[in-house]
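Protein chains in written order, with the numbering used here: chain H, -19 to 322; chain S, -19 to 322. Ideal Cβ placement from N, Cα and C applies to all residues, glycine included. Taking it in order: structure first as structure tokens, then the write-up.
Protein chains: 2
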Amino acid sequence: MADTARRPDHRYGNRPTMKDVAARAGVGLKTVSRVVNGEPGVTPDTVRRVQEAIEALGFRRNDSARVLRKGRTASVGLVLEDLADPFYGPLSRAVEEVARAHGALLINGSSAEDPEREQELALALCARRVDGLIVIPAGDDHRYLEPEIRAGVATVFVDRPAGRIEADTVLSDSFGGARTGVAHLVAHGHRRIGFIGDRPRIHTAVERLRGYRAAMAEAGLPVDEAWVSLGSTEPARVRQAVAAMLSGPEPVTALFAGNNRVTVTVVRELAPRTRPVALVGFDDIELADLLGITVIAQDAAALGRTAAQRLFRRLDGLHDAPERVELATTLVPRGSGELPPA
Amino acid sequence: MADTARRPDHRYGNRPTMKDVAARAGVGLKTVSRVVNGEPGVTPDTVRRVQEAIEALGFRRNDSARVLRKGRTASVGLVLEDLADPFYGPLSRAVEEVARAHGALLINGSSAEDPEREQELALALCARRVDGLIVIPAGDDHRYLEPEIRAGVATVFVDRPAGRIEADTVLSDSFGGARTGVAHLVAHGHRRIGFIGDRPRIHTAVERLRGYRAAMAEAGLPVDEAWVSLGSTEPARVRQAVAAMLSGPEPVTALFAGNNRVTVTVVRELAPRTRPVALVGFDDIELADLLGITVIAQDAAALGRTAAQRLFRRLDGLHDAPERVELATTLVPRGSGELPPA
DNA sequence: GTGAAAGCGCTAACAA
DNA sequence: TTGTTAGCGCTTTCAC
């Protein structure tokens, strides 16, 4: 009986609203709002009555409505490449922790390294009116974000720089890391060193290759272009590159792997071979210590944390020029990078 | 001049609204709405005018308002333990893919294995009016979700069952997997087998221990309680457990590790030892193939995908009784589990 | 200490 | 084909 009197238009599966709570408690709507938000100026007795009504009805404030009115969503968006990649898990988690400390929720999205999907995702997050956006770029043109940034969406780029716009950016020192890693191989006597990296569209791939070339040049070593391979990190592609570099009359004696996925495949590929090949990989990998893999480690969590902190400082009203932070990498020698040339 | 005439109360950093677009294009508000949503019944010429205004103003629809009106947020929440754990990355990613296929965004939150934080997060997501919720429980009492579920929030539990409420659940066969793994060790001649698992509050830990006991019992082997250790997955705690089981006059000759983190620590702990100890771990690990670690593999992505599919079927109106799905695990022999007793 | 009214930006229902 | 009105559930403002 009573039920038939309900608003037929009620959304959210017939959830009670503040109005319902107010009616039940016999108070005004605003009083319920005050109680729900812990605002002062309500008699303890009234508070109790309202709370009882809330309990009885199973009321929970609709934050969508609140957001609409207040203009801030207390949420930030994170567009990354692939949450399943062990590099991005810790990064995302670090962002989440900072967001949590600021009372904000995190909306994640994976671009799958597709620029269109990155844009689609980022704009969808903007339509949700996230307060801020952290982007690990897949594309190299971010002018599509200009209106959003102008409209007040704080935006920070991580791991790779923004394309064609000025924005806060937090990077690892890819160039320096790769240079250090390759110099390490050179120091152990290698002269023919191969570089297997990610697609040339990706900034870090290019920077790391630049680091490789710098180290080789500084050692006075020539680079045979057959020693350089950029492309997809698909195992098949990487395997082929390894095979090519290790065949012929003058095979490389050492390899530099441009990121974690490349390293994994290279390690698998080298394992069954008899002739030892030295290896340094960019990015640390779980259990790399047990496998004795020498790496250039970057701190994914620090990247995420730094970016998120910057974001929230912007949201707190910071207004200076966009900043570019570069985090140092660490050479972790574990054996594979210290092998002498075969 | 013109600026001073602006509404002083404008939120979202002075973003244009449909009203602004309508004014600029010289059309009605609803016409803008039609164009933005691609609804039919608008003259191509009008569409063009509206689109020009949208472009010029940098308008983007405010989905918060849309959500408030439509009652569906096109977003789902995922409460998991720790996004930085390599087990949850793929799971989360799989959920995201299904959500994306249904046009929904994913809001992630990590409970850090803290029941209170799980509840806080889940309820915050409900306040955002996510359409559905996927929970990897940290706690064992989910009655706090009852009002939400009754109010229409589709809810699916993954990896561990819900506590004290009926709900859709997607699990891996922890009991069967552990039993298979331990039986495998028995088949290779072991009689004294240790079990090192997660905290006893965690369902999977208990189930896997149960599998261990079942396999031992089925083989007619006694279980010395000194061979069983449940607790935190902190490396220190695990190391201590390993040390204890491998010392004394009758040390275990094989170990069963209750999850990925335990396995990693056990492997590190066993590596420097001379006496070989057989090992089977629950959960697969990257590079475990190269280290020759025998594991009981569960498919994290399949868990996430299955749960998300169930969730969206609920959102599409499915109304049958809560279902419990148990996904099979796979024994992957790689050497460590096939070692004979020392 | 409390409540009524207005309005956040959008969509549904209806009118023109 | 297009526009007007009402209202989603909340917070803000201001009056009582």
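Query	Result
Check each candidate in H:ARG253, H:LEU270 and H:PRO229 and name the one with the smallest Cα separation from ARG248 of chain S.	H:LEU270
Note down, in chain order, every chain H residue with its Cβ under 8 Å from the Cβ of VAL244 of chain S.	GLU266 and LEU267
Using the three-state DSSP reduction, which class does GLY112 of chain H fall into: helix, strand or coil?	strand
Taking only beta-carbon positions, decide if ASP0 of chain S is within less than 7 Å of chain H.	no
Which word fits ALA(-18) of chain S, buried or exposed, when buried means at least 16 other C-beta atoms lie within 10 angstroms of its C-beta?	Reliability of the predicted coordinates at ALA(-18) of chain S is poor, the pLDDT of 32 falling under 50, and no value is obtained from them.
Measuring CB to CB, does ILE116 of chain H end up less than 7 Å from VAL138 of chain H?	yes
If I'm right that ARG179 of chain H touches GLY211 of chain H with Cβ under 8 Å, what's the distance once you round it to whole angstroms?	6 Å
Note down the Cα distance separating LYS10 of chain S from ASP25 of chain S, rounded to an integer number of angstroms.	16 Å
Which stretch, first to last residue, makes up the beta strand (DSSP E) that contains ASN88 of chain S?	85 to 90
Can you pull the DSSP bridge partners for GLU198 of chain H?	DSSP output for GLU198 of chain H lists no bridge partner at all.
Between which two residues does the beta strand (DSSP E) carrying VAL59 of chain H extend?	55 to 60
Find the residues of chain S that neighbour LEU251 of chain H, judging by a C-beta separation of less than 8 Å, and give them in chain order.	Here the sequence assigns Ala to residue 251 of chain H, which means Leu is not the residue at that position. Those within 8 Å of ALA251 of chain H in chain S are LEU270.
Name the chain S residues whose beta carbon is nearer than 8 Å to that of VAL138 of chain H?	What VAL138 of chain H touches in chain S: nothing, since even the nearest Cβ is about 15 Å away.
Using the Cα positions of GLU266 of chain S and ILE87 of chain H, report the straight-line distance between them to the nearest angstrom.	27 Å
Please state if the CB of LEU259 of chain S and the CB of LEU235 of chain S are separated by a distance shorter than 7 Å.	yes
Can the beta-carbon of ARG41 of chain H be found less than 7 Å from the beta-carbon of ALA107 of chain S?	yes
Could you list which residues in chain H have their beta carbon closer than 7 Å to that of ILE176 of chain S, in chain order?	Within 7 Å Cβ-Cβ: nothing; ILE176 of chain S doesn't reach chain H, min ~18 Å.
Assign THR254 of chain H to buried or exposed, taking buried as 16 or more other Cβ atoms, counted over all protein chains shown, within 10 Å of its Cβ.	exposed
Check the Cβ of ASN(-6) of chain H against every Cβ in chain S and list those closer than 8 Å, keeping chain order.	ALA131 and GLY132
Measure the C-alpha to C-alpha separation of VAL166 of chain S and MET196 of chain S and round it to an integer number of angstroms.	8 Å
CA-CA distance, GLU146 of chain H and ALA131 of chain H?	15 Å
What residues in its chain sit with their C-beta under 7 Å from that of ALA(-15) of chain S, if we drop five residues either side in the sequence?	Confidence in ALA(-15) of chain S is poor, its pLDDT being 31 and thus under 50, which makes the residue's placement too unreliable to answer from.
When the Cβ atoms of the region 52 to 60 of chain S are set against those of the region 14 to 34 of chain S, are three or more pairs found closer than 8 Å?	no
So for ASP263 of chain H, helix, strand or coil by DSSP?	coil
For THR310 of chain H, count neighbouring C-beta atoms within 10 Å of its own C-beta (all shown protein chains included) and say buried if the count is 16 or more, exposed if not.	exposed
Return the Cβ separation of PRO321 of chain H and HIS170 of chain H in integer angstroms, given the expectation that the two are a contact with Cβ distance under 8 Å.	5 Å
Taking the alpha-carbon positions, what's the THR135 of chain S to ARG304 of chain S distance?	13 Å
In this structure, what does DSSP give as the bridge partners for ARG304 of chain S?	S:THR149
Just the C-alpha distance for PHE225 of chain H and ILE276 of chain H, rounded to the nearest angstrom, thanks.	Correcting the residue type first, residue 225 of chain H is Met in the shown sequence and not Phe. Using only the alpha carbons, I get a separation of about 22 Å.
Use the C-beta contact count for LEU298 of chain S: other C-beta atoms within 10 angstroms, 16 or more gives buried, fewer gives exposed.	exposed
Any beta carbon of chain S sitting closer than 7 Å to that of PRO324 of chain H?	The first residue shown for chain H is -19 and the last is 322, placing residue 324 of chain H beyond what the model contains.
Between ARG40 of chain S and chain H, is there a C-beta pair that is closer than 7 Å?	yes
If ALA288 of chain S and ALA79 of chain S are in contact, beta carbons under 8 Å, what's the gap, nearest whole angstrom?	6 Å
Hey, does LEU307 of chain H have any beta-carbon neighbour from chain S nearer than 7 Å?	no
Going by alpha carbons, who is nearest to VAL7 of chain H out of H:ALA268, H:ARG241 and H:THR23?	H:THR23
Could you check whether ARG172 of chain S and VAL232 of chain S sit closer than 7 Å to each other, using their CB atoms as the reference points?	yes
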